[in-house]
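Read the structure below first, then the notes.
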Amino acid sequence: MHPKNTPLNLGAIDIGSNAVRLLVAQAIPYKNETVDFTKLSLLRLPLRLGLDVFESGYISQQKVDLLEKSMESFRLIMEIYGVTHFRACATSAMRDARNSQEIVQSILAKTGINIEVISGREEAEIIYETHLRQSGAQHGSTLYIDVGGGSTELTLYSFGEKVLQESFDIGTIRLMSGKVKEEIWDEIKRSVRVAVKDHKPLKVVGSGGNINKLFALSKQKEGQPIGLQQLETFLRDLGSMTMEERMHTYQLRLERAEVIVPALQIYTSILRWAGAREISVPKIGLADGLVRNIYYNRG
C-alpha cells in the first residue's frame with residue numbers, strides 16, 4: 002500500500018490501428034485536492050495493425066510477432082520505472098480483427114499484459130471526460146473529435162450533458178486502404194448536423210497525432226485554436242504534393258506524411274458540417290485519459 006500523498010508511477014498502453022504507445026506518468030497528489038500528472042516517458046511504435054485488418058480481416062503473424070515484442074518491451078520499461086498500476090487498451094483494428102481474442106490470450110500468456118479491446122464509446126469517454134472536468138467545458142457546448150487510424154470518435158457535451166457519442170468506421174488507415182464507403186461519410190455528416198443543430202455557439206476540440214502535428218505546423222501559440230481556413234490551406238497544399246515533397250517541406254516522417262491528408266479530409270469535413278470555424282488542440286489522447294482513469298479507479 003502507498004501512503005495517500007505518495008507519488009505513483011502509472012502506465013498506459015494504447016494499441017491503435019496506426020501505432021501502439023506506452024505512456025509512463027507520475028501522479029502527484031497535492032494537498033488532497035488536486036493531482037498533477039507528469040509525463041516520465043512516451044514511446045510510440047508505428048505497427049499499423051489496421052493495414053492488415055482492413056484488408057483481410059485478420060492481423061498477420063508478422064504483425065502479431067511485432068505486437069508481442071512491443072508489449073514485452075513495454076513491460077520491461079514499466080518495470081524499470083517502478084510502475085505500480087497499468088492498463089492496456091486496444092481500439093479499432095483489434096475490434097475488427099477476427100483473431101483479436103487469440104492475440105489477447107497469447108500476449109497475456111507471454112508477457113503478463115492483459116489487453117482490453119474497448120468499444121469506440123468507451124474510447125471516447127476515456128479520452129474526454131477528464132478534459133471536460135478540468136477545462137470548464139461543462140459551461141457550454143463542446144464537440145470532441147478524435148481521428149484515429151481505424152475510427153473517428155465524436156462526442157458532444159452541452160452544459161455537462163452528453164448529447165452525442167458515436168464511433169464511425171472512418172480513419173486515416175481505412176481511407177488510405179480505400180475501405181471507407183460513401184454511406185459512412187453520409188452517416189457521419191447526418192449525425193453531426195443533427196447533433197449540433199440546437200447547440201450553438203459550439204466549441205470544437207480535436208485529439209489525435211495528426212491534429213497535434215498540424216497544430217505544431219500552424220505555429221499557433223499554446224491554447225490558441227487553428228482556423229478551418231488554415232486547415233483547408235494545409236489540405237490543399239499537402240494534397241498537391243508528392244510524399245517526398247511533404248516529408249521535405251514540412252519535415253514529416255514517412256508514416257506521418259502518408260496519413261496527414263486523410264486526417265485533414267476528416268477534420269475539415271466535420272468542422273464544415275458542424276458550422277465551426279476553428280478547432281482547439283489541447284493535446285489529449287487515449288493514453289493521457291487512461292493514466293487518469295487508472296489513478297482514480299485503482300484498487
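Numbering-wise, the sequence shown is residues 2 to 300 according to this note's numbering.
For every residue, glycine included, the Cβ atom is placed at its ideal position computed from N, Cα and C.
Whole-Å CB distance - residue i paired with residue j, under 8 Å assumed
i: tyrosine 362; j: threonine 153; result: For the chain, the structure presents residues 2 to 300; residue 362 sits outside this window and is missing.
i: proline 226; j: serine 281; result: 5 Å
i: valine 84; j: asparagine 10; result: 5 Å
i: leucine 291; j: alanine 13; result: 4 Å
i: arginine 96; j: tyrosine 59; result: Not confirmed; about 13 Å, so no contact.
i: valine 25; j: methionine 79; result: 7 Å
i: isoleucine 174; j: valine 260; result: 7 Å
i: glutamine 27; j: leucine 41; result: 6 Å
Residue from the options with nearest C-alpha to residue i
i: asparagine 211; options: Val25, Leu165, Leu239; result: Leu239
i: leucine 50; options: Val21, Lys198, Val148; result: Val21
i: glutamate 69; options: Glu183, Val36, Ile104; result: Ile104
i: glutamate 45; options: Gly207, Met72, Arg273; result: Before going on, a small fix: residue 45 reads as arginine here, not glutamate. It is Met72 whose Cα lies nearest to the Cα of arginine 45.
i: histidine 132; options: Ala258, Leu253, Thr243, Phe38; result: Phe38
i: alanine 277; options: Ala258, Ala94, Leu229, Arg299; result: Leu229
i: valine 262; options: Gln62, Thr112, Glu123, Leu176; result: Leu176
i: valine 205; options: Leu253, Lys214, Thr173, Tyr268; result: Tyr268
i: valine 148; options: Ser142, Asn213, Leu41; result: Asn213
i: leucine 23; options: Tyr82, Ile185, Pro202, Ser93; result: Tyr82
i: arginine 76; options: Arg96, Lys111, Glu256, Val54; result: Lys111
i: aspartate 53; options: Asn294, Gly179, Ile271; result: Gly179
i: aspartate 199; options: Glu167, His86, Gly141, Arg99; result: Gly141
i: glycine 161; options: Glu167, Gln63, Ile185, Glu130; result: Glu130
i: arginine 122; options: Glu167, Ser208, Leu109, Lys40; result: Glu167
i: glycine 224; options: Pro283, Ser208, Phe169; result: Pro283
i: serine 270; options: Tyr31, Trp186, Arg237; result: Trp186
i: proline 202; options: Glu256, Thr92, Ala275; result: Ala275
i: isoleucine 114; options: Ser74, Thr143, Leu41; result: Ser74
i: glutamate 279; options: Thr143, Lys32, Tyr31; result: Thr143
i: glycine 286; options: Arg194, Gln106, Ser42, Gly209; result: Gly209
i: glutamate 56; options: Tyr297, His249, Lys220, Val181; result: Val181
i: lysine 220; options: Tyr251, Arg237, Asp170; result: Tyr251
i: threonine 92; options: Gln106, Asp170, Arg194; result: Asp170
i: leucine 67; options: Ser107, Glu184, Leu43, Glu256; result: Ser107
Proximity of residue i and residue j at Cβ, strictly below 8 Å
i: isoleucine 29; j: proline 8; result: yes
i: serine 310; j: alanine 89; result: This structure cannot settle anything about residue 310, because the visible part of the chain is limited to 2 through 300.
i: leucine 215; j: phenylalanine 235; result: yes
i: alanine 196; j: valine 164; result: yes
i: leucine 265; j: leucine 218; result: no
i: isoleucine 127; j: asparagine 294; result: yes
i: arginine 299; j: histidine 86; result: yes
i: glycine 172; j: glycine 150; result: yes
i: alanine 288; j: aspartate 15; result: yes
Opposing strand residues paired with residue i [DSSP bridges]
i: alanine 28; result: Leu9, Phe38
i: isoleucine 271; result: In DSSP, isoleucine 271 forms no bridge with anything.
i: arginine 22; result: Asp15, Arg45
i: phenylalanine 216; result: Answer is none; phenylalanine 216 lacks a bridge partner.
i: histidine 86; result: Leu11
i: glutamate 117; result: Cys90
i: aspartate 147; result: Glu154, Ser208
i: leucine 165; result: Leu157
i: isoleucine 280; result: Ile227
i: serine 142; result: Ser159, Leu203
Any non-hydrogen atom of the ligand PLP within 7 Å of residue i CB
i: lysine 180; result: Only the bare structure without any ligand can be found here, which leaves the ligand PLP out of the picture.
8 Å Cβ cutoff, residue i in contact with chain B
i: glutamate 223; result: Among the protein chains of the structure shown there is no chain B, as only one such chain exists.
Worksheet item: Okay, do the region 174-191 and the region 231-249 touch, 3+ Cβ pairs below 8 Å being the bar?
Response: Cβ pair count under 8 Å is below three, so no.
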